[in-house]
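K.L.:
Numbering (my numbering), first residue to last: 2 to 220.
Cβ atoms here follow ideal geometry from the backbone N, Cα and C, with glycine treated the same way.
Just passing along the structure, written as structure tokens.
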Amino acid sequence: MTTSGRHRTTLITSVTAVVAGVALTLPLTAAAAPEGKTNLPPFSRDALARRFDPALARLGVHTTRATLQNLRSYRPDPKGTHLAIYVEPTGPYDDATYIANVTKIARVFVPSVFRRWRDLESFDVCQEPLPLFGRTSEPPPPKTQVLVTRQGVRRVRDWAHATLTQFLAASARANAKPNPDGSRQTLFVYVATELRSEPAYQRAADAAGVTTATTSAVR
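In structure tokens form, the structure reads like this:
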């Protein structure tokens, strides 16, 4: 497909909070854990919120759900090596803010979670919809998601200053074709359909040379 004379790569996305597969590992520097013990983030939502909510508050969100997950079952597991974080707006928060915060929220966690916790293999953070009175207990589909494995950290050269364009381009390269061994892609960026008409997203996608297509859930 061409747009303005340029070839554009299709960015495959999914509404799932976690893409299935086996995470790849290339260790970043991390403090060593005592022999026989794993070096992982806290398991409880409250402990994780205490650590990260002060930084998230400056972006207008807070932690709603957070846990370690088993990479095979994606069930909560205190010894799980995937860290899943869900954040929700705490006040007025429009579609443009969801787009602007994709990179800002991601760098609250990445690459520091991999440096801090040696045995963590992968991480994802989802922005959830605005809180609604009377919402059922069923978790809402995310508005955005950034998923990265330990190896995938290297796909973004400068997390502290990376733009959405760079995120989308890196995700497109990582997801250009499936891994022969069935392992997960190392970096994955998802933006909900209803946000893709936002001018900031359109500009970033155009500069990254990507179009978007939604796939069914892969667990």
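Work out the CA separation of Thr187 and Asn40 for me, nearest whole Å.
P.N.:
Whole-angstrom Cα-Cα distance: 21 Å.
K.L.:
Do Thr82 and Asp120 have their beta-carbon atoms positioned less than 8 Å apart in this structure?
P.N.:
In this structure, Thr82 lies closer than 8 Å to Asp120 by Cβ.
K.L.:
Spell out the partners DSSP gives Tyr87 in its beta bridges.
P.N.:
For Tyr87, which the question treats as bridged, DSSP gives the partners Arg66, Cys127.
K.L.:
Classify Thr139 as buried or exposed, calling it buried when 16 or more other Cβ atoms lie within 10 Å of its own Cβ.
P.N.:
Note that residue 139 corresponds to Glu in the displayed sequence, not to Thr. Glu139 comes out exposed.
K.L.:
Could you give the uninterrupted runs of the alpha helix (DSSP H) lying entirely in the stretch 140-208, keeping only those of 4 residues or more?
P.N.:
For the stretch 140-208, whole alpha helix (DSSP H) runs of length 4 or above, ordered along the chain, are 165-175.
K.L.:
Does the structure place the stretch 86-98 close enough to the stretch 188-208 that three or more beta carbon pairs sit under 8 Å?
P.N.:
Counting Cβ pairs under 8 Å, three or more are found: they touch.
K.L.:
Quick one: what's got a C-beta closer than 7 Å to Leu60's C-beta in the same chain, skipping five residues either side?
P.N.:
Same-chain partners within the cutoff: Asn102, Lys105, Ile106.
K.L.:
Can you list, in chain order, the residues of its chain with a C-beta nearer than 8 Å to that of Trp160? Leave out the 5 residues immediately preceding and following it.
P.N.:
The answer, listed in chain order, is Ala107, Arg108, Val111, Pro112, Val154.
K.L.:
Of all the options Lys144, Asp78, Pro179, Asn176, which has the alpha carbon lying nearest to the alpha carbon of Glu89?
P.N.:
Nearest C-alpha to Glu89: Lys144.
K.L.:
Using a Cβ-Cβ cutoff of less than 6 Å, which residues in the same chain neighbour Val147 once the five nearest sequence positions on both sides are dropped?
P.N.:
Result list for Val147: Ala107, Val126, Val190, in chain order.
K.L.:
Thr65 to Gln167, Cα distance in whole Å?
P.N.:
Cα to Cα, Thr65 sits roughly 28 Å from Gln167.
K.L.:
From the DSSP output, read off the bridge partner residues of Pro77.
P.N.:
BP columns for Pro77 point to Gln70.
K.L.:
How should Ser74 be labelled, buried or exposed, when 16 other C-beta atoms within 10 angstroms of its C-beta is the threshold for buried?
P.N.:
That one is exposed.
K.L.:
Measure the C-alpha to C-alpha separation of Asp47 and Ala170 and round it to an integer number of angstroms.
P.N.:
Taking the straight line joining both Cα atoms gives about 34 Å.
K.L.:
Once the 5 residues before and after Pro132 are set aside, which same chain residues still bring their CB inside 8 Å of it?
P.N.:
Cβ within range, chain order: Glu89, Pro90.
K.L.:
Glu122 and Arg151: beta carbons closer than 8 Å?
P.N.:
Yes, the Cβ-Cβ distance between Glu122 and Arg151 is below 8 Å.
K.L.:
For Leu165 and Ile100, which I take to be in contact (beta-carbon distance under 8 Å), what is that distance rounded to the nearest angstrom?
P.N.:
The Cβ separation is near 7 Å, so the contact holds.
K.L.:
Relative to the C-alpha of Lys38, which residue among Arg158, Lys80, Phe53 is closest?
P.N.:
Per the Cα distances, Lys80.
K.L.:
Using DSSP with H/G/I as helix, E/B as strand and the rest coil, what is Pro132?
P.N.:
Of the three classes helix, strand and coil, the one that applies to Pro132 here is coil, per DSSP.
K.L.:
Grab the span of the alpha helix (DSSP H) containing Tyr94 for me, first residue to last.
P.N.:
From DSSP, Tyr94 is part of no alpha helix (DSSP H); its letter is neither H nor E.
K.L.:
Output the distance between the C-alpha atoms of Asn71 and Pro130, rounded to the nearest integer angstrom.
P.N.:
Looking at the two C-alpha atoms, the distance is approximately 25 Å.
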